[in-house]
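**Q** Numbering (full-length UniProt numbering), first residue to last: 1 to 476.
Backbone N, C-alpha and C define an ideal beta-carbon position, used for all residues, glycine too.
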């Protein structure tokens, strides 16, 4: 019997604030374990938390980007449970009144668009980082108290491909809104997946299993596919699926039990007594929204509809915010939409990876725009463009300075080109005879020989035009 998977996603995103959610402890990545901990993070007697205003602002940015209803009355709750990653025995979060509700995110999978409903976005503090090995578990409390937003979908996804597409789209939003680097390998974006199975066309869900702390898109897809297979096998054997929290084991490529799943009642939520409700000013909220840059979905529509870029090229541009920003600035100078995109996602992107630098560190917008203008006007060939571009990124100089320094120029003088063409036709009489016999594609060979004689500096379009004119004239 086949079963349908019903999947819900919880994403925890660390916010790029300088200090923690409720204390003055600094937020850093890579510090020695257990060195960035404040007494407030440990709930020592006599300590009182205070809300990080920057974290609230970042949560508002994300809520707007996800089309959510924003609650201007900020309230926190206390979530009580005992586990080694929670030094104070409770977590300050938002339970009854999240800062954002009822949003959505559009995704595309194999050409089909899906609207993924998002139930809530809420603020909370992070827990400690736990590293599991065969014999023990290591705990780093530097992460405890770091500001988080948790983004929770409704359980309306059904495949691992949909989940990965949703997470990729969400990651772009987190980056473009400036709230997080969303680097899964560093833990700044973490994902928990809730999976249950049901019979096709049935509204009755099976027991839910949660897979926690997945740290890469590849592992997420593997974990979901494995868990669907595992639960299907149990149900086909008429065995129960236990309500559990599991994790993905990279060595075995399977999910393994962490603990038995608790019900919501076990957490004993109640209003956080040490933080009073805060009424957020609507003008302040609006000012945050107005300062947001153009978001990925808006850029995607512009690139595809107005600029006629392909879906694949669009997604490559959007995958790097600096690259997308650079592209927008260049096309505002010269609107060669497809040519500029081609060079950015091809050669320039390769150089970025080679030198491990962002595009603004490698190139000037004005200089790159001028290079594209010269290419479009056929003042330089594609081969010369590639050569100039590499020197530009190494030496940080304009294309004109590079061309002068390295004697790069395109031969477009018709009289000079005609001399080279006549020399080539004289040197290859057999190929000329083949052309007149009907093998017209051999023109490419003649153009190539002219390029050799000019060391790649002949204008190929002009050379081809003059060559055909001369061959036609000789035949007459």
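Going by alpha carbons, who is nearest to residue 255 out of 121, 210, 10 and 110?
**A** Here residue 255 is taken as the residue at index 255 of the chain shown, counted from 1. That would be 210, whose Cα lies nearest to the Cα of residue 255.
**Q** Quick check: the segment 111 to 119 against the segment 136 to 155, are at least 3 beta-carbon pairs closer than 8 Å?
**A** Counting Cβ pairs under 8 Å, three or more are found: they touch.
**Q** Tell me whether the beta-carbon of residue 478 lies closer than 7 Å to the beta-carbon of residue 67.
**A** Absent from the structure is residue 478, since the part of the chain shown begins at 1 and ends at 476.
**Q** Beta-carbon separation of residue 351 and residue 393 under 7 Å?
**A** Looking up residue 351 in the chain shown gives position 351. Looking up residue 393 in the chain shown gives position 393. Yes; because the gap between Cβ atoms is below 7 Å, this pair is in contact.
**Q** For residue 128, tell me which candidate among 166, 14, 283 and 461 has the shortest Cα-Cα distance.
**A** Locating residue 128 in the chain shown gives position 128, where the first residue counts as 1. Nearest of 166, 14, 283 and 461 to residue 128, Cα basis: 14.
**Q** Once DSSP output is grouped into helix, strand and coil, what is the label at residue 405?
**A** Residue 405 sits at position 405 when you count from the first residue of the chain shown. Here residue 405 sits in helix by DSSP.
**Q** What residues match up with residue 396 in a beta bridge as DSSP calls it?
**A** The residue you call residue 396 lines up with position 396 of the chain shown. Beta-bridge pairing links residue 396 to no other residue.
**Q** Suppose you measure from the CA of residue 200 to the CA of residue 231; what does that come to, to the nearest Å?
**A** Here residue 200 refers to the residue found at position 200 of the chain shown. Here residue 231 refers to the residue found at position 231 of the chain shown. Their Cα atoms are separated by approximately 15 Å.
**Q** What's the C-alpha gap between residue 147 and residue 34?
**A** Within the chain shown, residue 147 is the residue found at index 147, counting from 1. Within the chain shown, residue 34 is the residue found at index 34, counting from 1. Rounded to the nearest angstrom, the two C-alpha atoms are 17 Å apart.
**Q** Which ranges does the beta strand (DSSP E) cover as unbroken runs of at least 3 residues, wholly within the segment 133 to 195, from first to last along the chain?
**A** Listed in chain order, they are 137 to 140 and 147 to 153.
**Q** Given a cut-off of 7 Å, decide if residue 399 and residue 371 are closer than it, judged by their beta-carbon atoms.
**A** Counted from its first residue, the chain shown places residue 371 at position 371. Counted from its first residue, the chain shown places residue 399 at position 399. Cβ distance < 7 Å, so residue 371 and residue 399 count as in contact.
**Q** Taking the beta carbon of residue 98 as the centre, do at least 16 other beta carbons fall within 10 Å, making it buried, or is it exposed?
**A** Here residue 98 refers to the residue found at position 98 when the chain shown is read from its first residue. Label assigned to residue 98: buried.
**Q** Rounding to the nearest angstrom, what Cα-Cα distance links residue 122 and residue 145 in this structure?
**A** For this step, residue 122 is matched to residue 122 along the chain shown. For this step, residue 145 is matched to residue 145 along the chain shown. Computed Cα separation, rounded: 15 Å.
**Q** Could you give the first and the last residue of the continuous beta strand (DSSP E) run that contains residue 78?
**A** Translated into the one-based positions of the chain shown, residue 78 becomes position 78. It spans 77 to 80 - the beta strand (DSSP E) in which residue 78 sits, taken as one unbroken run.
**Q** Measuring alpha carbon to alpha carbon, tell me which residue in 245, 233 and 219 is nearest residue 252.
**A** Taking the first residue of the chain shown as 1, we reach residue 252 at position 252. If we check each option's Cα against that of residue 252, 219 comes out closest.
**Q** Compute the Euclidean distance between the alpha carbons of residue 43 and residue 298, then round it to the nearest angstrom.
**A** Taking the first residue of the chain shown as 1, we reach residue 43 at position 43. Taking the first residue of the chain shown as 1, we reach residue 298 at position 298. Taking the straight line joining both Cα atoms gives about 43 Å.
**Q** Can you list, in chain order, the residues of its chain with a C-beta nearer than 7 Å to that of residue 88? Leave out the 5 residues immediately preceding and following it.
**A** On the chain shown, residue 88 is found 88 positions in, with the first residue counted as 1. Contacts found: 42 and 43.
**Q** Among 24, 455 and 369, which one has its Cα closest to the Cα of residue 48?
**A** Taking the first residue of the chain shown as 1, we reach residue 48 at position 48. If we check each option's Cα against that of residue 48, 24 comes out closest.
**Q** May I have the straight-line CA-CA distance separating residue 275 from residue 50, to the nearest angstrom?
**A** Translated into the one-based positions of the chain shown, residue 275 becomes position 275. Translated into the one-based positions of the chain shown, residue 50 becomes position 50. Each residue's alpha carbon lies about 7 Å from the other.
**Q** Grouping DSSP H, G and I as helix and E and B as strand, with all else coil, what is residue 380?
**A** Your numbering for residue 380 matches position 380 in the chain shown. Here residue 380 sits in coil by DSSP.
**Q** Report the residue ranges of all alpha helix (DSSP H) runs contained in full by the UniProt domain "Asn/Gln amidotransferase" (325 to 471); include only those spanning at least 4 residues, in chain order.
**A** DSSP runs (the alpha helix (DSSP H)) wholly in the UniProt domain "Asn/Gln amidotransferase" (325 to 471): 337 to 343, 349 to 355, 359 to 362, 365 to 376, 382 to 395, 399 to 405, 414 to 427, 429 to 436 and 443 to 453.
**Q** Indicate the three-state DSSP secondary structure (helix, strand or coil) for residue 59 in the structure shown.
**A** For this step, residue 59 is matched to residue 59 along the chain shown. In the structure shown, residue 59 sits in a helix (DSSP, three-state: H, G or I).
**Q** Note down the Cα distance separating residue 245 from residue 359, rounded to an integer number of angstroms.
**A** The residue labelled residue 245 in the question sits at position 245 within the chain shown. The residue labelled residue 359 in the question sits at position 359 within the chain shown. So the alpha carbons of these two residues sit roughly 42 Å apart.
**Q** Tell me which same chain residues have a C-beta within less than 6 Å of the C-beta of residue 131, skipping the five on either side of it?
**A** Here residue 131 corresponds to residue number 131 of the chain shown, with the count starting at 1. Only 138 meet the Cβ criterion.
**Q** Measuring alpha carbon to alpha carbon, tell me which of 380, 365 and 54 ends up nearest residue 330.
**A** If you number the chain shown from 1, residue 330 lands on position 330. Out of 380, 365 and 54, 365 has the C-alpha closest to the C-alpha of residue 330.
**Q** Go ahead and pull the three-state DSSP assignment for residue 7.
**A** Position 7 of the chain shown holds residue 7. Three-state DSSP puts residue 7 in a strand.
**Q** Residue 325 to residue 423, Cα distance in whole Å?
**A** Locating residue 325 in the chain shown gives position 325, counting from the first residue. Locating residue 423 in the chain shown gives position 423, counting from the first residue. So the alpha carbons of these two residues sit roughly 48 Å apart.
**Q** For residue 270, which of helix, strand or coil comes out of DSSP?
**A** If you number the chain shown from 1, residue 270 lands on position 270. Of the three classes helix, strand and coil, the one that applies to residue 270 here is strand, per DSSP.
**Q** Is residue 110 helix, strand or coil by DSSP?
**A** Position 110 of the chain shown, counted from the first residue, corresponds to residue 110. Coil at residue 110, not helix or strand.
**Q** Can you tell me where the alpha helix (DSSP H) holding residue 16 begins and where it ends?
**A** As a working note, residue 16 is residue 16 in the chain shown. Run containing residue 16: none; DSSP gives neither H nor E here.
**Q** Against chain B, with Cβ distances strictly below 7 Å, would residue 346 count as a contact?
**A** Among the chains of the structure shown, chain B does not appear; only one protein chain is present.
**Q** Could you give the residue range of the beta strand (DSSP E) that holds residue 244?
**A** The residue you call residue 244 lines up with position 244 of the chain shown. It spans 244 to 249 - the beta strand (DSSP E) in which residue 244 sits, taken as one unbroken run.
**Q** Name the residue from 107, 11 and 271 whose alpha carbon lies nearest to the alpha carbon of residue 126.
**A** For the purposes of this step, residue 126 is identified with residue 126 of the chain shown, where counting begins at 1. If we check each option's Cα against that of residue 126, 11 comes out closest.
**Q** To the nearest angstrom, report how far apart residue 389 and residue 208 are at their CA atoms.
**A** Walking along the chain shown from the start, residue 389 turns up at place 389. Walking along the chain shown from the start, residue 208 turns up at place 208. Their Cα atoms are separated by approximately 54 Å.
**Q** Take residue 77 and list the residues in its own chain whose beta-carbon comes closer than 7 Å to its own, dropping the five residues that flank it on each side.
**A** As a working note, residue 77 is residue 77 in the chain shown. Correct list, in chain order: 93, 94, 95, 96, 269, 270, 271 and 272.
**Q** With distance defined between alpha-carbon atoms, name the residue in 391, 293 and 140 nearest to residue 31.
**A** Taking the chain shown and counting its residues from 1, one reaches residue 31 at position 31. Checked all of 391, 293 and 140; the closest Cα to residue 31 is 140.
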